[in-house]
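Undergrad:
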Amino acid sequence: MRIDIWSDVSCPWCYITKRTFDLALSASGRTDTEVVLHPFLIDREQPAEPMPMLTWLAGKYGEERAAVMNREVTAVGPRHGIAFRNETGFAANTLDAHRLLRWAGHGHGRPFQSRLEELIFGAYFTENADISDHGVLLDRVERAGLPRAHAARLLASGEGVAEVRAEDRAARARGITTVPRIAFGDGPVVEGPQEDPAVFLRSLTAGTATTASHTREGNQ
């Protein structure tokens, strides 16, 4: 079964949903899955320079709504082993992070890509790191067990830039506006934040197409 995932490392609900999905996939016992991660740049390539995360969110949604969004995700995080620190975090351009995730998946396989994705999520949401900084990204590459020198050459070049941008445009052209979004072959599509692995377990075993949604916003 092919499973297509659209996600952004600047999306806290994508972080939570990834952990939920990983639990479900492990519990399903399936060994016939091909997980394909697709980049989705929620804010395109903004902010141009890192800035305080809640300041960025307030500029997008207004201070009150941004505060509510932060309180909600911060309260939910511990149930999934995530201690969000958005008050002291930084919003940053995610293009280079997506370039590395694409490289990891294509060149080294989903397990390495998944490990790197976890480390970048953690850097962004729990470590107050600037994930547009190449040093930060290369540290996570090394911790994921991937070749730092190769990744450094990629970041110093334009490799993957056109491809990530093209995938983001393609997603929007097909009407994808919210992440996370997970499509199970030609069958179920699960869109929006998910906390219950049972949602994905049903999708992994469903025989007919359904769409699941969530009242919380996936995008941040």
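Plus 951 on top of the position in the sequence shown (first one is 1) and you've got our numbering.
For each residue, glycine too, the CB sits at the ideal point set by N, CA and C.
Between which residues of its own chain and Glu996 is the CB-CB distance below 7 Å, once the five residues before and five after are set aside?
TA: Within the sequence shown, the letter at position 45 stands for residue 996. Result list for Glu996: Asn1044, Leu1046, in chain order.
Undergrad: Can you tell which of Thr968, Ser958, Glu1069, Phe1072 has its C-alpha closest to the C-alpha of Val1027?
TA: Reading the sequence shown from its first residue, position 76 is the one you call residue 1027. Among Thr968, Ser958, Glu1069, Phe1072, the Cα nearest to that of Val1027 belongs to Thr968.
Undergrad: Kindly indicate the opening and closing residues of the alpha helix (DSSP H) around Leu1052.
TA: The residue labelled residue 1052 in the question sits at position 101 within the sequence shown. Segment 1046-1059, the alpha helix (DSSP H) holding Leu1052.
Undergrad: Over the uninterrupted beta strand (DSSP E) stretch that includes Asp1090, give me the two end residues.
TA: As a first step, residue 1090 is located in the sequence shown; it is residue number 139 there, counting from the start. Segment 1085-1094 is the alpha helix (DSSP H) holding Asp1090; no beta strand (DSSP E) there.
Undergrad: Which residue's Cα is closest to the Cα of Leu1067: Gly1126, Gly1111, Gly1096, Trp1007?
TA: Start at 1 with the first residue of the sequence shown, and residue 1067 comes out as number 116. Looking at the Cα atoms, Gly1096 is the closest of the given residues.
Undergrad: What whole-angstrom Cβ distance do Asp1081 and Pro1001 have, given they're in contact under 8 Å?
TA: Position 130 of the sequence shown, counted from the first residue, corresponds to residue 1081. Position 50 of the sequence shown, counted from the first residue, corresponds to residue 1001. About 5 Å separates the two Cβ atoms, so the contact holds.
Undergrad: DSSP three-state call for Arg981: helix, strand or coil?
TA: Residue mapping note: residue 981 aligns to position 30 of the sequence shown, counting from 1. If DSSP states are grouped into helix, strand and coil, Arg981 belongs with coil.
Undergrad: To the nearest angstrom, how far is the alpha carbon of Ser977 from that of Leu1106?
TA: Residue 977 sits at position 26 when you count from the first residue of the sequence shown. Residue 1106 sits at position 155 when you count from the first residue of the sequence shown. Rounded to whole angstroms, Ser977 to Leu1106 spans 32 Å at the Cα level.
Undergrad: Just grab the DSSP bridge partners of Ile1135 for me.
TA: The sequence position of residue 1135 within the sequence shown is 184, counting from 1. Checking the displayed sequence, the identity of residue 1135 turns out to be Phe instead of Ile. DSSP output for Phe1135 lists Ile954 as bridge partner(s).
Undergrad: Spatial neighbours of Pro998 within its chain, please: CB distance less than 8 Å, with the 5 preceding and 5 following residues excluded, ordered by chain position.
TA: Here residue 998 corresponds to residue number 47 of the sequence shown, with the count starting at 1. Counting only Cβ-Cβ distances below 8 Å, and skipping sequence neighbours, we find Trp1007, Ala1042, Ala1043, Asn1044.
Undergrad: For Val1150, I'd like the list of residues in its chain whose CB is within less than 8 Å of its CB, leaving aside the five on either flank, ordered along the chain.
TA: Locating residue 1150 in the sequence shown gives position 199, counting from the first residue. Thr971, Ala975, Val1141, Ala1163, listed in sequence order.
Undergrad: For His1119, which residues in the same chain have their Cβ closer than 7 Å to its Cβ, ignoring the five residues on either side in sequence?
TA: The residue given as residue 1119 occupies position 168 in the sequence shown. Note that residue 1119 corresponds to Asp in the displayed sequence, not to His. For Asp1119, where only same-chain residues beyond five positions count, the Cβ hits under 7 Å are Pro990, Phe991, Leu992.
Undergrad: Comparing alpha-carbon positions, which option in Glu1146, Leu1152, Leu988 lies nearest Arg1030?
TA: Within the sequence shown, residue 1030 is the residue found at index 79, counting from 1. If we check each option's Cα against that of Arg1030, Glu1146 comes out closest.
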